[in-house]
Structure formats: C-alpha cells, structure tokens
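Novice: Going left to right, the sequence shown walks through residues 1 to 865 as the UniProt record's numbering numbers them.
Every residue, glycine too, gets a C-beta built ideally from N, C-alpha and C.
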Amino acid sequence: MSSMADDGERLELLHGDLDLTIHEACGLPNMDILSTILRRLCIRPRRLPSRNIDADTDADSPVRRRRRRQKPRGHHSIVPTSDPYALVAVSRPDVPDTTIARTYVVRNSEAPDWSARIRIPLAHEASRLVLQVRDSDPFGSDLIGAAYLPAAALLDGKPIVDAWLPLLRPDGRGPPKPNSAIRVSLTFTPASSSSSRRHRFGGVPAYFPARRGCELKLYQDAHVPVGAPCSYERGRCWEDVCMAVLGAQKLVYVAGWAVGARVRLLREEMSPEMAEKAAEVRALAGVEVEKMALGELLKYKSQEGVRVCLLVSDHHDTPLHPSFFLNTGGMMQTSGEDTKKFFKQSSVICVLSHRYPRSKVDMAKQKVVGTPYAHNQKCILVDTPASEATRRITAFLGGLDLAAGRYDTPAHRLFEDLDTVFRGDIHNPTLGDAAAENGPRLPWHDMHCRLDGAAAYDVLKNFEQRWRRATAKHLKASKHGKDDALLKLQRIPWILSPVVADAEDDALRVLPEDDPRCWHAQVFRSVDAGSVKGFPRSWETEEMEARNLLCDKSLAVEQSIHAAYVAAIRAADRFVYLETERFVGSSYAWPTSFRHPGAGNLVPMEIALKAASKIRAREDFAAYVVLPMWPAAEGPPGSAPAQESLFWQAQTMQAMYEVVAKAIAEAGAGVRAHPQDYLNFYCLGNREQAPATPPHLETGTSPAALARRHGRFMVYVHSKGMVVDDEYVLLGSANVNQRSLSGSRDTEIAVGAHQPHHTGRRPRGQVHRYRMSLWEEHLGWLWDVLEAPESPECVRLVNQVARENWERYTDEGEVAEEMQGHLMKYPVEVDGYGGVWPLTGHEFFPDVGGRVLGSTNKFPDHLTM
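Below, the structure written as structure tokens:
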C-alpha cells in the first residue's frame with residue numbers, strides 16, 4: 001500500500017519485520033582530532049572493553065575468532081580518528097527521520113567491522129530506509145555519511161545480500177572520501193505473512209524463552225470481598241500475597257516502584273483459607289495477622305529465618321544527580337526512604353535502587369536518565385509447596401504496588417468505609433490534603449497475576465540480576481555486603497531449581513501438557529545493562545543475538561515487552577482489549593504539526609493497522625482501550641506534566657483514528673461507516689452519595705468541594721494488561737508509552753500467557769473468563785452479546801452503556817441517576833475523517849478542571865512520553 005508525500009515522493013507502508021545485518025564500513029574520514037583534544041583536556045578517557053586473549057586460548061577458537069573480528073581496524077596509535085557507529089532510520093520528506101536502531105561504537109577506526117544483526121518490527125509509512133554512519137563523541141555525535149534504500153526495494157520480496165551502499169556526505173554532495181561505503185544484508189517480511197500469524201501465540205524472541213507446563217492465576221483489583229456478586233470466580237490478590245508470605249520458609253523477595261511498610265494487606269472479611277491460616281499463626285506465635293501492616297509481616301518472617309530482600313525504586317531529586325534542578329511536578333513521589341528507615345533495625349534487607357545511567361552512554365544522556373526515569377518493575381517472589389517434600393518459586397506480577405491508596409475492590413468506593421477499611425489510607429493526589437478526611441478517595445483499578453512453573457524462575461533471575469546491579473552501586477560498608485544476601489537455590493536440595501539455565505526442565509513444570517488447565521507463559525522485560533548485571537557487552541554480537549538483545553550504541557537493551565505487544569496484536573483475529581495507565585506512541589504518525597521522534601513505539605499504530613486490515617477484508621474486528629480519565633500521578637489534571645501527557649495521548653488517538661477512517665473510505669460501501677465502530681477509548685468513574693460534611697466544605701468551589709457535592713470521581717486505571725481474542729493475556733508493570741517500552745528508560749517486567757487447550761474461534765478458558773469478569777465489573781452486567789466482542793452488536797452495546805454512564809456521571813442535578821457499572825465514554829468526539837475533539841460542553845474535566853485534550857508547554861517531552 002503506497003501513497004504520495006506532499007512533495008510528490010512515493011510513500012510505502014513498511015508493516016512487518018526487518019532483519020538487517022550491518023557488516024562493516026570503509027573509507028571513513030577522520031572526525032576526531034579536535035574532539036579528542038577537548039576530551040583529554042576536560043574528562044577522564046573512557047576505558048575500552050578488554051580485548052586481551054588468554055595465552056592458552058586456541059588460535060581458531062570461537063572466542064579468538066570473535067575478538068579478532070571485533071577488533072577495530074585502522075587503529076592509529078598516535079593520531080586519533082573517528083569512533084563510528086551505524087544508525088538505522090526510516091525517512092519521509094515531511095518529518096524528521098525516525099531512528100529505529102543503532103549499533104555499538106567501534107573506537108578509533110576508519111574501517112569499522114560491526115557484524116551486528118538487528119531484528120526489529122516496523123509499522124511506518126516511509127519513502128526510504130536510511131543507514132547513517134556517525135562519529136560518537138562524549139557530547140553527542142556527528143554525521144559522517146548516509147546511505148539510502150528506497151522503501152519499495154524492501155517490499156519486492158527479494159533479500160539484499162552483502163550489498164555495498166555508497167555513503168553520501170550530510171549535504172548530499174558526494175561521498176566523504178572516494179571509497180566511503182557501508183556493507184549490509186537485509187530481508188523484510190510483511191506482517192501479513194509473518195510467523196506471528198502462523199504460530200499465533202507460540203512465543204516471542206526474547207531474553208527468556210516461552211515456558212510450558214506453567215500455572216497462572218489472574219486477579220483484578222487488590223481484593224474481592226467474600227460473597228461479592230459476580231458470574232466468574234475472582235481471586236483475592238493481596239490476600240493470596242499475604243498467604244504466600246506467611247507460608248514462605250526460605251525467601252521473600254519484593255521489587256517495586258513503591259513499597260509501603262505501613263500498608264495493611266487484610267482489611268475485610270477473610271476467605272476461609274486465609275482465616276484458617278491466620279488462626280494457625282495466632283495459635284503458634286500469638287500474632288494477629290489481620291492487624292499487621294506489610295512491614296510488620298516482613299519483619300515477622302525475617303525473624304523466622306526467612307531471607308527477606310526488598311528492592312525499592314529510589315528516584316528523588318538530589319544534588320548528586322544531574323536533574324536535581326528540574327521540578328518534576330510531583331511525578332516521582334514514593335516512600336523509598338521511609339521504607340528503608342522502617343527496616344533499619346531489622347534483619348530485612350532493603351535496598352533503594354536508583355535508575356543509574358551506564359557510564360558508557362553519552363554524557364548528554366547521563367544527564368537525563370538518572371532522576372526522571374525509574375525502576376517500575378513490580379514483583380513478589382516466595383517459596384511455596386510443590387509437593388510434600390519439595391518447594392518451588394512462585395511469582396506475583398502486575399501493577400503490584402503494595403503502597404498507600406492501592407487497596408481497592410471492584411466496587412471502587414468513594415466515600416464508604418473511609419473510617420474503617422480505608423482508615424489512614426485515603427489517597428488522592430489530585431485533591432491532596434483536602435480529601436484526606438472527608439474524601440473522595442481515589443478508587444484504584446488494577447490487573448495482577450500469580451505465576452508458577454519455569455517462568456517464575458525467570459522472574460527470580462530478573463530480580464537477582466537487578467539486585468546485583470543495585471548492590472554493586474552501594475558502598476561496600478553495607479553490613480550485608482553486596483549480593484551475598486541472595487540465596488543459592490542450587491544448594492538447597494528441597495527447593496526445585498533449573499538444572500541447566502534456559503533449558504526446558506520437566507521438574508519445574510506444574511501441570512502436564514495434556515492438562516486443560518496448563519499454561520504456556522513467557523516473561524518479558526524493558527531493561528538495559530545499566531539496571532541488570534549479566535548482560536553481554538554491546539560488542540559481543542553473537543551473545544547479543546542469542547539473547548535477543550538490541551544495541552543502543554554502547555548499551556545492551558531488552559525491548560521484549562514491546563515485541564510481545566506487537567506480536568500479539570499482529571496475531572489478533574477478532575478483538576484487542578487493552579487497559580493501560582498511559583497511552584502514548586507511534587509519534588512518527590501524529591498529525592503533521594506535532595510529529596515527534598520521542599515516542600516511536602508501535603503499539604497504537606499496530607492496533608490501527610490491524611483494524612484497517614480487517615476493514616479492507618470486510619471482517620468484524622474491534623479494539624477497546626480503557627484509560628484513566630487523566631494521569632493522576634502528575635497531580636491535578638491542569639498541571640504542566642498532566643496536560644502534556646494528555647496532549648500526547650490525544651495526538652496518539654487521532655493518528656489511529658485517521659488510519660481507520662482512511663481504511664473505511666477506501667473500502668467503500670458494505671463496511672461499518674464510522675471509526676468508532678472499530679476503535680474506542682473509555683475511562684472509569686463512580687458516583688456515590690457523599691456523607692454529611694461541614695458546611696464550609698459543601699459550599700466551597702475547590703475541586704474537592706465540588707467532587708464531594710456531586711459525589712463523583714474517576715476510577716484510576718493503573719492496569720497494564722491486554723487480552724487478545726480471549727486466548728492470550730499480557731500483563732505486568734509496563735504502560736503503553738515510550739518510557740515503559742523503550743528498554744532504556746523505565747525498567748519494566750511482564751508475562752504473556754495462553755492455554756494451549758483453549759484456542760480457536762471461541763476459546764472458553766481462563767483468559768475468556770478473566771475478560772468477562774473485567775467487563776462485568778466495568779459494565780455492571782453481562783449480556784450474551786459480550787461473548788463476541790468483535791461483533792457490531794457488542795460494540796454498539798458497550799458504547800451505549802459507556803455514553804449513558806458519562807451522561808450520568810456529568811449530570812449535576814440534585815439527584816443523580818445510578819451508573820451502570822463504571823465504564824464511561826472517554827470525553828472525546830471523533831469525526832468521519834479521524835479528527836479528535838473534546839465532547840461539546842466538556843472541554844474540561846468535571847470538578848477538577850484541566851483540558852481534556854491537554855496542551856503543550858515547556859515541561860520536558862521525554863518525561864511525559
């Protein structure tokens with residue numbers, strides 16, 4: 001599919017997988033004389049990776065061959081020369097080039113040999129593929145030359161093998177030197193014929209492989225009260241976490257963006273199993289578990305001899321980190337210091353993990369990585385019974401912040417039980433202290449899971465890699481040393497552990513393959529070598545390729561969560577259901593005036609292209625995206641970071657709707673006629689009768705007074721999960737934005753899973769039941785038509801309920817009509833061309849203000865994308 005750019009250049013849709021090998025370049029000019037003099041005067045020289053060969057290493061061994069291949073050519077011992085790396089971008093004439101990959105840097109070489117293989121998905125309209133060779137400097141980089149391939153050449157189906165492409169100078173007037181060139185090989189596989197469709201959900205190339213014989217338990221929200229009306233059995237996440245911690249005998253490891261030591265896990269009527277366990281603990285130790293806060297529970301277990309390790313994100317502004325002068329507007333408020341102080345005199349080992357930049361990245365990048373970005377991975381690891389004689393590792397994943405304000409149930413109460421269930425835990429960043437006593441609290445919706453089997457050991461390995469990196473940054477004077485705190489499971493015979501790393505191990509399987517309850521699961525991450533210990537160095541290309549890692553100059557990066565999202569959406573046949581706290585991406589396709597290189601993840605465009613392909617095929621398809629009404633972590637919706645986040649979100653929506661609208665126009669008669677027949681955005685909200693409050697609070701015009709008077713507030717969507725075709729579920733800590741998906745910004749972890757015995761046109765396994773349970777919570781009822789989310793009838797019903805709920809939510813009459821569940825239409829209108837506008841009369845959010853479509857400002861873009 002092609003179109004024309006404004007200047008008449010032909011654009012092609014590159015939608016598929018690019019497999020590119022950048023072999024080498026030759027004839028590069030010397031770019032480094034002046035910069036090297038400045039570097040030696042100003043900064044300490046960067047230490048290069050050792051390339052020494054052991055004397056006993058065989059001359060033809062793979063190690064020696066690899067090191068010979070990677071040794072920079074043309075080394076000048078007296079006069080320094082260029083430090084080249086290759087950059088790959090897609091180009092179109094009306095916007096800046098979109099960078100998609102970079103190789104590692106070869107020091108002091110005019111004929112670098114990278115031998116770097118890059119496999120990356122594309123969903124771009126482009127006129128050509130650009131291969132730049134740049135000279136790396138501590139303060140940035142300089143363009144040496146660029147080679148170009150027409151986009152049409154990628155689509156003709158013929159592989160390009162060992163092609164020498166001439167490099168042209170930045171001004172396009174000939175090569176930098178007469179023989180300047182770059183050698184590449186590449187193939188492009190269109191998404192329509194890719195293996196993701198043929199194999200559906202069989203696994204994604206990632207650091208951790210897909211695992212068989214696993215067990216997965218899915219949760220919505222922190223707790224589901226005993227006897228709560230629902231058509232499907234729902235787990236109780238925080239209660240199960242408490243049970244697992246109480247039952248642990250050797251280890252409890254916790255990693256989180258925020259871990260609140262004073263948060264209570266048990267607040268309402270316990271299940272019979274939990275009540276029995278609480279009675280057992282009370283009888284043995286005289287401890288009332290139901291009254292214990294999380295910190296007290298962890299101290300209790302550590303006193304029993306259990307190894308308790310906490311890895312808590314630490315990202316406050318200090319003069320020790322480069323952006324201490326930057327006012328982040330409340331974006332990074334966690335309780336890390338309080339948590340560490342709570343455990344100071346205990347045997348619980350608490351490490352605050354700062355998002356340190358790697359020393360090998362550019363100085364400019366070091367200035368922005370350390371404070372604004374964070375460790376957002378959330379996981380809990382415990383040992384649980386595997387049999388009467390053995391134990392295994394169990395992992396909990398999701399939006400799992402065990403912190404203030406996160407406890408909630410599917411009722412999402414605003415004012416009820418403030419003095420009992422939510423006593424001391426009324427959290428509302430938008431209203432601040434004004435809601436601390438009289439509400440409304442901020443309801444919190446989330447998605448979590450419990451994972452057992454071999455995949456849980458991958459979560460454990462991730463924790464160990466992060467722990468070793470974090471503790472290596474701390475002073476050696478720490479009383480617990482560096483990584484000695486971690487248990488070596490191989491030395492504990494009664495705890496199951498992998499015999500060979502990364503190999504299939506039948507002993508770790510929880511369920512046999514012929515069991516219909518069996519899951520195939522795979523752990524994904526967004527992480528780089530600056531946050532984990534154990535990644536290969538960026539120039540170890542064979543190891544990088546084997547581990548499915550990408551290279552970003554001198555940094556090894558894992559982007560497997562992004563790869564998992566792309567693969568799952570491309571494999572979708574009927575519908576995509578997504579819940580996410582942030583939704584920003586595909587910025588290369590935003591409306592022309594706002595196109596931006598900063599949020600290039602493909603997830604929004606993949607959803608839009610999937611809908612467009614179904615429209616052209618005249619097949620039913622629907623995408624449902626549930627968002628928070630505004631990003632509460634930034635404070636009030638009128639604040640600079642919140643407005644900028646909303647603005648990027650609006651551009652993302654419009655880019656998607658324009659693709660869908662174009663497909664409808666091209667398909668002509670016989671298809672549903674409006675973009676919202678295929679793609680819709682929603683938010684959650686609730687209304688309750690507020691209790692009597694002092695008169696001065698009722699008559700005020702502050703956001704808190706208005707919210708109390710109208711008895712309404714949004715339900716915050718903290719979920720980070722997706723269901724595809726009722727067959728595949730992907731959930732974890734990662735939002736759909738560049739911070740979460742790039743790999744070199746926030747660290748994230750997720751799991752993707754499906755049940756191989758529940759596939760086909762209408763699967764009826766746990767994924768289906770989970771999606772239906774979520775919809776029952778959001779819609780307040782289950783209709784038969786919801787069994788087929790892709791059908792026009794289902795789309796119309798959901799949109800009707802959501803529209804009516806928005807009208808009920810915004811009604812300011814004295815007696816508001818009760819809402820049908822919590823799902824509401826996101827307050828935007830979409831025209832037939834894909835344009836996105838605020839709902840008439842609702843340009844600002846009710847009670848709290850702030851433009852629905854946001855606005856641009858001087859807040860740093862990279863923080864809100």
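(1) Sorted by chain position, which residues of the same chain lie with C-beta nearer than 6 Å to Asp408's C-beta, five sequence neighbours on each side aside?
(2) Leaving out five residues on either side along the sequence, give the residues of the same chain with a beta carbon under 6 Å from the beta carbon of Gly330.
(3) Bridge partners for Ile669 per DSSP, in chain order?
(4) So which of Ala126, Thr759 and Asp142 has the shortest CA-CA distance to Tyr148?
(5) Counting Cβ pairs, one atom from each stretch, are 3 or more of them under 8 Å apart for the stretch 593-607 and the stretch 644-660?
(6) Just to confirm my understanding: we take Pro536, look at its own chain, exclude 5 residues before and 5 after, and list those with CB closer than 8 Å. What are they?
(7) Report the residue from Ser115, Thr187, Ile380 and Arg234 whose alpha carbon sits nearest the alpha carbon of Ala255.
(8) For the beta strand (DSSP E) holding Ser91, just list the boundary residues, first then last.
(9) How many angstroms separate the CA atom of Met865 from the CA atom of Gly145?
(10) Of the residues Arg796, Val801 and Glu790, which one's Cα is nearest the Cα of Gly780?
(11) Rounded C-beta distance between Gln490 and Gly534? I'm assuming under 8 Å.
(12) Please work out which residues of its chain come closer than 7 Å, Cβ to Cβ, to His15, disregarding the five sequence neighbours upstream and downstream, and give them in chain order.
(13) For Asn179, does the count of other Cβ atoms within 10 angstroms reach 16, so buried, or fall short, so exposed?
(14) Assign Ser855 to one of two classes, buried (16 or more other C-beta atoms within 10 Å of its C-beta) or exposed (fewer than that).
(15) Just to confirm, does Thr420 get its C-beta within under 6 Å of one of the non-hydrogen atoms of the ligand SAM?
(16) Can you tell me whether Leu13 is helix, strand or coil according to DSSP?
(17) Who are the near neighbours of Glu843 in its chain, counting only those whose CB is closer than 7 Å to its CB and skipping five residues on each side?
(18) What do you get for Ala642, buried or exposed, if any count of 16 or more other CB atoms within 10 angstroms of its CB means buried?
(19) Checking 7 Å against the spacing of the C-beta atoms, do residue 874 and Asp725 come in under that value?
(20) With H, G and I counted as helix, E and B as strand and the rest as coil, what does DSSP make of Gly834?
(21) Val729 and Val723: beta carbons closer than 7 Å?
(22) What does the alpha-carbon distance come out to for the pair Arg173 and Ala788?
(23) For Met722, report the span of its beta strand (DSSP E) as first-last.
(24) Among Glu812, Glu807 and Leu310, which residue has its Cα nearest to the Cα of Asp847?
(25) Measuring alpha carbon to alpha carbon, tell me which residue in Phe396, Gln755 and Asp677 is nearest residue 945.
(26) Below 8 Å on the Cβ atoms is my guess for Cys551 versus Thr99; work out the distance and round it to an integer in Å.
(27) For the beta strand (DSSP E) that contains Glu268, what are its first and last residues?
(28) Quick check on the DSSP output: the alpha helix (DSSP H) that includes Glu606 runs from which residue to which?
(29) Count the CB pairs spanning the stretch 227-242 and the stretch 746-759 that are closer than 8 Å, and state whether there are at least three.
(30) Would you report the Cα separation of Pro637 and Pro631, rounded to the nearest angstrom?
(31) If you draw a straight line from the C-alpha of Ala374 to the C-alpha of Glu337, how long is it?
(32) With DSSP as the reference, please indicate the residues paired to Gln559 in a beta bridge.
(33) Quick one: is Gln132 buried, meaning 16 or more other Cβ sit within 10 Å of its Cβ, or exposed?
(34) Give me the residue from Val815, Asp137, Tyr253 and Ser353 with the minimum Cα distance to Ala472.
(35) With C-beta atoms as the reference, is Glu239 less than 7 Å away from Met292?
(36) For Asp484, count the other beta carbons within 10 Å of its own beta carbon; 16 or more makes it buried, fewer makes it exposed. Which is it?
Specialist: Here's the rundown:
(1) In the sequence shown, counting from the first residue as 1, residue 408 sits at position 408. If we look at Asp408 and ignore the five residues flanking it on each side, its Cβ neighbours are Asp221, Ala222, Pro443 and Trp444.
(2) For the purposes of this step, residue 330 is identified with residue 330 of the sequence shown, where counting begins at 1. Residue placement at Gly330 is flagged as unreliable, the pLDDT there being 43, under the threshold of 50; the coordinate-derived value follows with that caveat. Only Gly635 meet the Cβ criterion.
(3) As a position in the sequence shown, residue 669 is number 669, starting the count at 1. The sequence given here has Ala at residue 669, not Ile. Answer is none; Ala669 lacks a bridge partner.
(4) The residue you call residue 148 lines up with position 148 of the sequence shown. The shortest Cα separation from Tyr148 among Ala126, Thr759 and Asp142 belongs to Ala126.
(5) yes
(6) Here residue 536 corresponds to residue number 536 of the sequence shown, with the count starting at 1. So the list reads Glu543, Met544, Arg547, Leu549 and Ala556, once near-sequence residues are dropped.
(7) As a working mapping, residue 255 is identified with position 255 in the sequence shown. Nearest option by C-alpha distance: Ile380.
(8) By 1-based counting over the sequence shown, the position of residue 91 is 91. Note, Ser91: beta strand (DSSP E), Pro84 to Arg92.
(9) On the sequence shown, position 865 is the one that residue 865 refers to. On the sequence shown, position 145 is the one that residue 145 refers to. Approximately 30 Å, taken between the alpha carbons.
(10) Counting from 1 along the sequence shown, the entry for residue 780 is found at position 780. Out of Arg796, Val801 and Glu790, Val801 has the C-alpha closest to the C-alpha of Gly780.
(11) In the sequence shown, counting from the first residue as 1, residue 490 sits at position 490. In the sequence shown, counting from the first residue as 1, residue 534 sits at position 534. Incorrect: roughly 16 Å between the Cβ atoms, too far for contact.
(12) On the sequence shown, residue 15 is found 15 positions in, with the first residue counted as 1. Correct list, in chain order: Leu122, Ala123, Pro190, Ala191 and Leu609.
(13) As a first step, residue 179 is located in the sequence shown; it is residue number 179 there, counting from the start. Burial call: exposed.
(14) For the purposes of this step, residue 855 is taken as the residue at position 855 of the sequence shown. Counting Cβ neighbours within 10 Å, Ser855 comes out exposed, since fewer than 16 surround it.
(15) For the ligand SAM, the structure offers nothing, since it holds no ligand at all.
(16) Against the sequence shown, residue 13 aligns to sequence position 13. Three-state DSSP puts Leu13 in a strand.
(17) Working through the sequence shown from its first residue, we reach residue 843 at position 843. Taken in chain order, the residues that qualify are Arg851 and Val852.
(18) Along the sequence shown, one-based indexing puts residue 642 at 642. Ala642 is buried by the Cβ-count criterion.
(19) Nothing about residue 874 can be read from this structure; the chain reaches only from 1 to 865.
(20) On the sequence shown, position 834 is the one that residue 834 refers to. Gly834: coil per DSSP, three-state reduction.
(21) Within the sequence shown, the letter at position 729 stands for residue 729. Within the sequence shown, the letter at position 723 stands for residue 723. Cβ atoms of Val729 and Val723: closer than 7 Å.
(22) Residue 173 sits at position 173 when you count from the first residue of the sequence shown. Residue 788 sits at position 788 when you count from the first residue of the sequence shown. Each residue's Cα considered, the two are about 58 Å apart.
(23) Here residue 722 is taken as the residue at index 722 of the sequence shown, counted from 1. First-last of the beta strand (DSSP E) with Met722: Lys720 to Val724.
(24) On the sequence shown, position 847 is the one that residue 847 refers to. Of Glu812, Glu807 and Leu310, the residue nearest in Cα terms is Glu812.
(25) Absent from the model: residue 945. The displayed extent of the chain is 1 to 865, so no value can be given.
(26) Here residue 551 is taken as the residue at index 551 of the sequence shown, counted from 1. Here residue 99 is taken as the residue at index 99 of the sequence shown, counted from 1. Incorrect: roughly 13 Å between the Cβ atoms, too far for contact.
(27) By 1-based counting over the sequence shown, the position of residue 268 is 268. From DSSP, Glu268 is part of no beta strand (DSSP E); its letter is neither H nor E.
(28) In the sequence shown, the residue the question calls residue 606 occupies position 606. Its alpha helix (DSSP H) spans residues Val603 to Ala617.
(29) no
(30) Translated into the one-based positions of the sequence shown, residue 637 becomes position 637. Translated into the one-based positions of the sequence shown, residue 631 becomes position 631. The alpha-carbon atoms of Pro637 and Pro631 are separated by roughly 7 Å.
(31) Position 374 of the sequence shown, counted from the first residue, corresponds to residue 374. Position 337 of the sequence shown, counted from the first residue, corresponds to residue 337. Each residue's alpha carbon lies about 15 Å from the other.
(32) Working through the sequence shown from its first residue, we reach residue 559 at position 559. Answer is Ser526, bridged to Gln559.
(33) Here residue 132 is taken as the residue at index 132 of the sequence shown, counted from 1. By the neighbour-count rule (16 or more Cβ atoms within 10 Å), Gln132 is buried.
(34) Against the sequence shown, residue 472 aligns to sequence position 472. Nearest of Val815, Asp137, Tyr253 and Ser353 to Ala472, Cα basis: Ser353.
(35) Sequence index remark: in the sequence shown, residue 239 carries index 239 (1-based). Sequence index remark: in the sequence shown, residue 292 carries index 292 (1-based). No, the Cβ-Cβ distance between Glu239 and Met292 is not below 7 Å.
(36) For the purposes of this step, residue 484 is identified with residue 484 of the sequence shown, where counting begins at 1. Exposed is the call here.
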